Amino acid sequence: MLKRQTCFIVILAISIFSYGTSFYYDEPYISAEEFNILSGEKWTGNLTYLDYQTNSETKISANITVKRSGDNTDQFILILEYPKEPQANNIDTISINDDGKNFDGEKVIEKFSFDNDSLKFITESSGMDDDKESLFRHTYEISPKTFIIRKDVKYDGDSTFIKRNEYYFTR
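Count along the sequence shown starting at 1, add 151, and that's the number in our numbering.
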C-alpha cells in the first residue's frame with residue numbers, strides 16, 4: 152500500500168511539474184496587432200552601420216513608413232528612404248508566420264513587453280556576412296514614439312556578436 156501511495160505521489164508531482172513549466176517554456180511570438188502600432192505616419196531617424204572597409208561606424212539619415220498589407224493580414228510593407236542617398240531607397244514586405252513564432256523568416260527567440268504599447272523582441276537566423284557563415288540576431292524595439300532595429304552578427308567559430316547596423320527612428 153505504501154509503495155502504491157509513493158508511486159501515485161511521484162506521478163502526481165511529475166504531472167504538476169510538467170504542467171506548471173509548460174507555460175514557462177512556451178515559445179515567444181509576435182502578433183500582427185503588436186507590430187501594427189508602427190503603421191501610419193512616417194518615422195524619421197538614421198542608420199548607423201559598420202563599414203567593413205574602414206572598420207568604423209557610419210551614420211546616414213533614414214526614414215521608414217510602415218503599412219499593413221491589408222486588413223487582418225500578417226504582412227507589412229516597409230518603405231525605407233535615405234534622403235541623401237535616394238538610390239538606396241528600398242521597399243520590403245515582411246510576414247509574421249507560424250502563429251507569430253517567425254518574423255520576416257527568422258525565429259522569434261525572445262520577447263519582452265514593457266507595457267501595452269512597448270515591446271522588444273529578438274529574432275535569429277543563419278546566413279552569410281562578409282563572405283562568412285554567420286548567425287544573425289535582430290533586435291526590434293517598438294513603442295509609440297520610437298522604433299529601433301538592430302542587427303548583430305556572429306561569425307561561425309566566434310563567441311561574440313558584433314553590431315552590424317542599427318536603425319533608430321522616432322515620430
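Positions of the beta carbon are idealized from the N, C-alpha and C atoms, including for glycine. Predicted, not measured: the structure shown is a model, and the values here were computed from it.
- 8 Å or more divides the Cβ of Asp-307 from the Cβ of Glu-275.
- Counting every other CB atom within 10 Å of its CB across the protein chains shown gives Ile-181 a total of 16 or more, marking it as buried.
- The distance from the Cβ of Phe-263 to that of Ile-245 is about 20 Å, inconsistent with a contact at the 8 Å cut-off.
- Counting other Cβ atoms within 10 Å of its Cβ, Phe-272 reaches 16 or more and is therefore classed as buried.
- When DSSP states are grouped into helix, strand and coil, Gln-226 belongs to the strand group.
- Remark: C-beta atoms of Asn-240 and Leu-231 approach each other more closely than 8 Å.
- Counting only the Cα atoms, Tyr-291 lies some 10 Å from Thr-297.
- Exclusion of the five residues before and after Trp-194 leaves Ile-215, Phe-298, Phe-320, Arg-322 as the residues of its chain whose Cβ lies within less than 6 Å of its Cβ.
- In the three-state scheme derived from DSSP, where H, G and I count as helix and E and B as strand, Gly-196 is classed as strand.
- Under DSSP, Arg-322 shares a beta bridge with no residue.
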